[in-house]
Amino acid sequence: MGLFILMLLAIFATELAVNELLNTLLGGLETLKTGFIDAGLLIVFCAPPLWAVCRKHFAEEFAARGRSFTIHLALVLIGIFVIELLVTLLLPRVMPTSDHQALDLADACLSTLFSAPPLWWLLFRKSQPRRVPFTDLLVIPLRLYVLLLVLIFLVDLVQELVLSHSFGLPASGARIVDAFLNTVVIAPLLWLFVIRPLQKVAQSDRVRASAIHDQVNDAIVSLDARGRILSFNPAAERIFGCGAAALTGTPAAALFTEGAAGLATLLEAAQAQERAPVYREISGRRCNGTPITLEVSISAIKTAGGGYLLIMRDISDRKKAEQVLLESLSLQRATLESTADGILAVDLSYRVRTCNDNFLKLWQLPRELVTAGDRETLLARIFAQLKEPGDFQAQLEELYSRPEQSASRDIRLKDGRVFECSSLPQILDQHVVGRVWSFRDVSEKKKAEEALRKSEELFRQVFDQTEDAIVFFACGSCDILDLNNKAERVFGYDKEELAAQGLEAICRPEDFPMFCGTIIGTSIERSSLLDNAVCRRKDGSEIIVTMRGKILTLMGSQVVYCTFRDVTERIRMEREARNIQSKLIQANKMTSLGLLVSGVAHEINNPNNFIMANARVLSRAWQDALKFLREYQRENGEFLLGGIPFSELDAHSGELFEGIIDGTLRIDAIINNLKGFARQERTVQEVEVDLNKVATSAVTLLHHELVKFTSNFHVDLAQKLPRVKGNVQQLGQVIINLLTNACHALPEKGRGIWLATGYDEARGEVIITVRDEGCGITRDDGSRIMEPFFTTKLDSGGTGLGLSICCSIVKDHSGRLEYDSEPGRGTTFTVRLPAQP
1 MGLFILMLLA IFATELAVNE LLNTLLGGLE TLKTGFIDAG LLIVFCAPPL
51 WAVCRKHFAE EFAARGRSFT IHLALVLIGI FVIELLVTLL LPRVMPTSDH
101 QALDLADACL STLFSAPPLW WLLFRKSQPR RVPFTDLLVI PLRLYVLLLV
151 LIFLVDLVQE LVLSHSFGLP ASGARIVDAF LNTVVIAPLL WLFVIRPLQK
201 VAQSDRVRAS AIHDQVNDAI VSLDARGRIL SFNPAAERIF GCGAAALTGT
251 PAAALFTEGA AGLATLLEAA QAQERAPVYR EISGRRCNGT PITLEVSISA
301 IKTAGGGYLL IMRDISDRKK AEQVLLESLS LQRATLESTA DGILAVDLSY
351 RVRTCNDNFL KLWQLPRELV TAGDRETLLA RIFAQLKEPG DFQAQLEELY
401 SRPEQSASRD IRLKDGRVFE CSSLPQILDQ HVVGRVWSFR DVSEKKKAEE
451 ALRKSEELFR QVFDQTEDAI VFFACGSCDI LDLNNKAERV FGYDKEELAA
501 QGLEAICRPE DFPMFCGTII GTSIERSSLL DNAVCRRKDG SEIIVTMRGK
551 ILTLMGSQVV YCTFRDVTER IRMEREARNI QSKLIQANKM TSLGLLVSGV
601 AHEINNPNNF IMANARVLSR AWQDALKFLR EYQRENGEFL LGGIPFSELD
651 AHSGELFEGI IDGTLRIDAI INNLKGFARQ ERTVQEVEVD LNKVATSAVT
701 LLHHELVKFT SNFHVDLAQK LPRVKGNVQQ LGQVIINLLT NACHALPEKG
751 RGIWLATGYD EARGEVIITV RDEGCGITRD DGSRIMEPFF TTKLDSGGTG
801 LGLSICCSIV KDHSGRLEYD SEPGRGTTFT VRLPAQP
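Reading the sequence shown from the start, the letters are residues 1 to 837 in UniProt numbering.
The structure is reproduced here in structure tokens:
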């Protein structure tokens with residue numbers, strides 16, 4: 001409002017001054033011409049200060065509204081011109097009798113009054129209110145201009161009144177007095193109200209400018225028209241690293257990297273720009289040669305001597321920071337675009353701040369939709385693709401109700417895709433300013449995970465249900481990683497126990513190096529194999545296993561895959577099969593031997609009978625010949641017969657013939673026993689058997705075997721032993737088998753064997769006892785010695801049939817076969833048969 005009133009006062013004062021000028025110079029002109037001249041001079045005098053004030057106070061506001069203040073000012077001046085012209089033409093007709101001073105005052109008042117509405121309407125109606133401090137009153141040119149006009153008007157009015165009533169001077173004298181009085185009165189007023197305030201203002205401006213010059217952080221350098229330095233403020237000294245005294249008067253080209261060429265470019269740009277300063281970024285250098293980056297504002301000084309004002313700011317650090325920021329932003333953008341994830345950054349109101357192309361591609365959105373800022377449409381497009389939009393919307397609401405919370409989840413789309421979604425708050429200065437979303441298409445990953453899960457489930461089923469024990473070892477060591485259920489059953493440990501105790505738990509100490517070396521030595525090129533190795537169970541029992549190992553790659557890591565197959569039962573069966581086979585071979589040999597013995601006995605029996613018959617004939621013939629030989633001896637004395645003196649031959653000839661006959665009888669008995677032993681009789685003959693004779697016959701048959709294995713054999717046959725009913729050959733076979741086993745059980749020849757017969761009158765049983773001082777029978781072997789083909793002497797020719805046959809024969813005779821053994825001290829076998837009454 002104050003500025004508006006000042007403009008009106010300026011119009012009023014200018015109009016008074018113009019009227020006074022026109023009355024003096026153009027008093028004789030017509031009214032129309034006077035009106036045009038009056039209005040034109042008013043515009044001429046008012047236009048400059050009005051333009052300066054409007055440009056300072058209204059240009060930015062009109063530019064912000066998209067209008068030009070120049071056009072509005074021109075409209076104001078045109079309005080003032082028209083109003084002044086009309087007032088000048090109409091006022092003499094309205095006030096025909098008034099003098100020129102009254103007309104001038106009325107003209108000024110009416111012109112001011114009618115100029116106020118257009119001036120307000122065009123300039124002040126939409127402008128922001130302003131308050132100008134009273135202390136700045138005299139520094140505003142418009143106010144000074146108005147003040148001068150008012151003072152001149154008042155002085156001139158006073159002097160006109162004084163001259164018209166006080167002096168009777170002629171017109172020329174009155175003008176001289178008028179001019180003198182104007183000069184005398186106005187001069188002090190100009191000094192008091194104009195010159196003196198302007199000096200104070202200028203002094204204040206110099207002090208203010210000097211403070212700004214010295215305290216500002218920017219370098220302020222003034223140059224003369226030739227580009228030499230006139231002034232250099234402290235900030236310039238700090239920026240360029242040298243004092244003002246050293247640079248004052250020197251060319252400013254030394255301040256720039258490009259030297260004179262760079263300075264000339266700046267000066268030419270300042271000259272080309274009439275009023276506004278020129279802004280440039282240019283490379284400078286300090287006095288020590290260090291390069292710096294300067295932000296320069298240069299303007300030409302429109303004074304008589306000319307010159308330039310440079311305001312320079314060292315922006316080297318800012319440029320470095322900007323470069324770092326640009327690189328960071330470039331890296332951020334490159335990272336944002338190179339990632340396979342869709343990235344979306346939003347503020348706390350869901351408005352999109354940035355996103356990468358993968359986000360648009362994943363959600364099939366046009367960039368125009370995202371950058372348009374239409375939040376509702378964007379969310380609607382996203383929700384429309386979701387299989388369960390309600391859950392996702394609920395999560396959004398929860399996250400934005402608690403901005404500091406993070407979240408991660410999988411979301412499923414209607415087209416079957418699966419996105420892995422995560423959200424983190426964006427924090428700036430410990431305040432949440434937004435949220436960053438990451439979306440990753442994990443559809444193929446989920447399918448692969450499902451396939452892997454099924455594959456692992458199938459592998460686990462096969463792994464756990466296979467008949468072999470499977471153990472996974474770490475490559476290069478014997479650390480157990482995993483094992484299947486079969487391994488738990490085979491070794492008796494659960495998975496955690498065996499994994500904790502390691503390979504040592506299932507190996508004998510002496511076998512651990514072999515197992516460990518085999519497992520560690522397994523490679524991709526070479527599998528490992530251990531056959532018939534011994535492992536130890538948790539309960540301490542030992543099993544025989546076959547171990548095979550090879551390298552497998554599971555979940556990207558190599559492991560040693562080892563299978564352990566329990567072959568204990570198979571090995572036992574194989575051994576038994578070999579035993580059976582060997583025993584069958586032995587039985588076949590015995591059968592063949594039986595046939596051979598029968599044939600040999602028959603062949604031997606014939607010459608033996610011949611020897612026996614001839615020996616008896618020769619014995620009788622010798623007895624008859626002795627008579628003649630004895631007579632010859634008496635007559636002729638001693639003589640030799642076959643190289644033997646006759647007397648000795650006569651003394652022993654009877655024994656010789658008896659020995660021959662006994663030998664043949666003995667051979668005949670052996671042959672008969674062999675033939676009887678080899679004869680196969682399937683049924684027990686109901687004959688009475690003398691067990692003493694059976695025992696004696698058995699000893700006769702085994703005489704050579706007994707002498708070979710022992711030097712301490714004893715036979716104790718009971719007297720008046722009752723007879724038993726049975727088969728002589730089979731009972732003899734029982735005694736022979738028991739004696740044979742006793743011989744084979746002796747560790748040395750000095751150990752003894754005892755064969756005895758007896759009678760248990762209380763039970764009515766005849767007893768045959770065979771006792772040895774051999775190695776004895778262990779508890780484990782004792783439970784199986786009666787089994788067919790079980791033997792502990794397979795390597796030395798044992799068949800495992802002897803005791804089995806003995807047990808069968810004794811049972812066939814309604815008897816019992818018992819034994820008592822002490823390992824290391826010997827064994828006693830007892831045969832009990834029912835005695836005949």
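For each residue, glycine too, the CB sits at the ideal point set by N, CA and C.
Please report the residue range of the beta strand (DSSP E) in which S821 lies. The residue labelled residue 821 in the question sits at position 821 within the sequence shown. Per DSSP, S821 belongs to the beta strand (DSSP E) from R816 to E822.
Under 8 angstroms between the Cβ atoms of V694 and Q836? What you label residue 694 is simply residue 694 of the sequence shown in a count that begins at 1. What you label residue 836 is simply residue 836 of the sequence shown in a count that begins at 1. Not a contact, by the Cβ cut-off of 8 angstroms.
In whole angstroms, give me the CA-to-CA distance for Y361 and L379. As a first step, residue 361 must be located in the sequence shown, where it is residue number 361. As a first step, residue 379 must be located in the sequence shown, where it is residue number 379. The question names Tyr, yet the displayed sequence has Lys at residue 361. In a straight line, the C-alpha of K361 is about 16 angstroms away from that of L379.
Does the Cβ of F628 have 16 or more other Cβ atoms within 10 Å, making it buried, or fewer, making it exposed? Here the question's residue 628 lines up with position 628 in the sequence shown. Classification of F628: exposed, given that the 10 Å Cβ count is below 16.
Nearest residue (CA-CA) to L817, options F639, I767 and K447: One-based indexing of the sequence shown puts residue 817 at position 817. Among F639, I767 and K447, the Cα nearest to that of L817 belongs to I767.
Taking the beta strand (DSSP E) that R440 falls in, what are its first and last residues? For this step, residue 440 is matched to residue 440 along the sequence shown. Here the beta strand (DSSP E) through R440 covers H431 to D441.
Let me make sure I understand the geometry here. Which of P645, D668, I777 and R565 has the alpha-carbon closest to that of P607? As a working mapping, residue 607 is identified with position 607 in the sequence shown. It is D668.
Please give the ranges of any beta strand (DSSP E) in the stretch 520-552, keeping only runs that are unbroken, at least 3 residues long and fully inside the region. 528-536
Beta-carbon spacing of A219, A236 below 8 angstroms: Within the sequence shown, the letter at position 219 stands for residue 219. Within the sequence shown, the letter at position 236 stands for residue 236. It is a contact, given that the beta carbons lie within the stated cut-off.
Please report how far the alpha carbon of E497 lies from the alpha carbon of K811, in whole angstroms. Here residue 497 refers to the residue found at position 497 when the sequence shown is read from its first residue. Here residue 811 refers to the residue found at position 811 when the sequence shown is read from its first residue. So the alpha carbons of these two residues sit roughly 52 angstroms apart.
S166: buried (16+ other C-beta within 10 angstroms of its C-beta) or exposed? Counted from its first residue, the sequence shown places residue 166 at position 166. Reliability of the predicted coordinates at S166 is poor, the pLDDT of 47 falling under 50, and the value obtained from them is presented with this limitation in mind. When all chains shown are included, S166 counts as exposed.
Excluding five sequence neighbours on each side, which residues of the same chain lie with their C-beta closer than 6 angstroms to the C-beta of F713? Here residue 713 refers to the residue found at position 713 of the sequence shown. L706 and I753.
According to DSSP, T563 sits in a beta bridge with which residue or residues? As a working note, residue 563 is residue 563 in the sequence shown. In DSSP, T563 forms a bridge with I470 and R548.
So, with DSSP's three-state summary, where would you put Q332? Taking the first residue of the sequence shown as position 1, residue 332 is located at position 332. If DSSP states are grouped into helix, strand and coil, Q332 belongs with the helices.
Please classify R414: is it buried, with 16 or more other beta-carbons within 10 angstroms of its beta-carbon, or exposed? Mapped onto the sequence shown, residue 414 falls at position 414. Sequence inspection shows Lys at residue 414; the Arg mentioned does not correspond to that position. Exposed, because fewer than 16 other Cβ atoms sit within 10 Å of the Cβ of K414.
Mind the definition here: the stretch 329-342 touches the stretch 298-312 only if three or more C-beta pairs lie below 8 angstroms; say whether that holds. no
Just the Cα atoms here: how many angstroms apart are M547 and G517? Here residue 547 refers to the residue found at position 547 of the sequence shown. Here residue 517 refers to the residue found at position 517 of the sequence shown. Roughly 13 angstroms separates the two Cα atoms.
Between the CA atoms of T664 and I736 - distance to the nearest angstrom: Locating residue 736 in the sequence shown gives position 736, counting from the first residue. Locating residue 664 in the sequence shown gives position 664, counting from the first residue. Taking the straight line joining both Cα atoms gives about 24 angstroms.
CA-CA distance, F392 and R375? In the sequence shown, residue 392 corresponds to position 392, counting from 1. In the sequence shown, residue 375 corresponds to position 375, counting from 1. Looking at the two C-alpha atoms, the distance is approximately 16 angstroms.
Buried versus exposed, by CB contacts within 10 Å (16 or more), H813: Counting from one through the sequence shown, the residue named residue 813 turns up at place 813. With 16 or more other Cβ atoms within 10 Å, it is buried.
For T250, collect the residues of the same chain with a Cβ closer than 7 angstroms to its Cβ; drop the 5 residues on either side in sequence, then sort them by chain order. Against the sequence shown, residue 250 aligns to sequence position 250. Excluding positions up to five away in sequence, the list reads R228 and I229.
Give me the Cα-Cα distance between S796 and F491, rounded to the nearest whole angstrom. Taking the first residue of the sequence shown as 1, we reach residue 796 at position 796. Taking the first residue of the sequence shown as 1, we reach residue 491 at position 491. In this prediction, S796 scores a pLDDT of 49, lower than 50, which makes its location untrustworthy; the coordinate-derived value is nonetheless stated afterwards. Looking at the two C-alpha atoms, the distance is approximately 35 angstroms.
Could you compute how far the alpha carbon of F134 sits from the alpha carbon of S204? Taking the sequence shown and counting its residues from 1, the one referred to as residue 134 is at position 134. Taking the sequence shown and counting its residues from 1, the one referred to as residue 204 is at position 204. Legend: pLDDT at F134 = 43, less than 50; position of this residue unreliable, value from coordinates given subsequently. Using only the alpha carbons, I get a separation of about 15 angstroms.
According to DSSP, is E258 helix, strand or coil? Walking along the sequence shown from the start, residue 258 turns up at place 258. The answer is coil: DSSP assigns E258 none of H, G, I, E or B.
Three CB pairs or more closer than 8 angstroms across the stretch 472-490 and the stretch 384-400: no
Closest Cα partner of N727 within the set D760, V689 and L263: For the purposes of this step, residue 727 is taken as the residue at position 727 of the sequence shown. When each option's Cα is compared against that of N727, the closest is V689.
Please return the same chain residues whose Cβ sits closer than 7 angstroms to the Cβ of D531, not counting the five positions on each side in sequence. Numbered from its first residue, the sequence shown carries residue 531 at position 531. Cβ neighbours of D531 beyond the five flanking positions: T546.
Does the pairing of the stretch 294-303 with the stretch 267-278 give three or more beta-carbon distances under 8 angstroms? yes
Work out the CA separation of Q719 and T830 for me, nearest whole Å. Position 830 of the sequence shown holds residue 830. Position 719 of the sequence shown holds residue 719. Roughly 18 angstroms separates the two Cα atoms.
In terms of DSSP beta bridges, what is K725 paired with? Indexing the sequence shown from 1 puts residue 725 at position 725. Note: K725 sits in a beta bridge opposite E688.
Assigned exposure category for Q461 - 16 Cβ within 10 Å defines buried: Walking along the sequence shown from the start, residue 461 turns up at place 461. Q461 is exposed by the Cβ-count criterion.
Cutoff 7 angstroms; reference A698; Cβ partners in own chain excluding five residues on either side: Residue mapping note: residue 698 aligns to position 698 of the sequence shown, counting from 1. Counting only Cβ-Cβ distances below 7 angstroms, and skipping sequence neighbours, we find G732, I735, I736 and L739.
In whole angstroms, what is the alpha-carbon distance linking G79 and S330? In the sequence shown, counting from the first residue as 1, residue 79 sits at position 79. In the sequence shown, counting from the first residue as 1, residue 330 sits at position 330. Cα to Cα, the separation comes out at about 58 angstroms.
Enclosing alpha helix (DSSP H) for D760 [first to last residue]: Counting from one through the sequence shown, the residue named residue 760 turns up at place 760. Unbroken run through D760 is the beta strand (DSSP E), G752 to D760; no alpha helix (DSSP H).
Have a look at A550 and T522 and give me their C-alpha separation to the nearest angstrom. Here residue 550 corresponds to residue number 550 of the sequence shown, with the count starting at 1. Here residue 522 corresponds to residue number 522 of the sequence shown, with the count starting at 1. Here residue 550 turns out to be Lys, not Ala, going by the sequence shown. In a straight line, the C-alpha of K550 is about 6 angstroms away from that of T522.
Identify whether V715 lies in helix, strand or coil by the three-state DSSP scheme. Residue 715 sits at position 715 when you count from the first residue of the sequence shown. The answer is strand: DSSP assigns V715 an E or B state.
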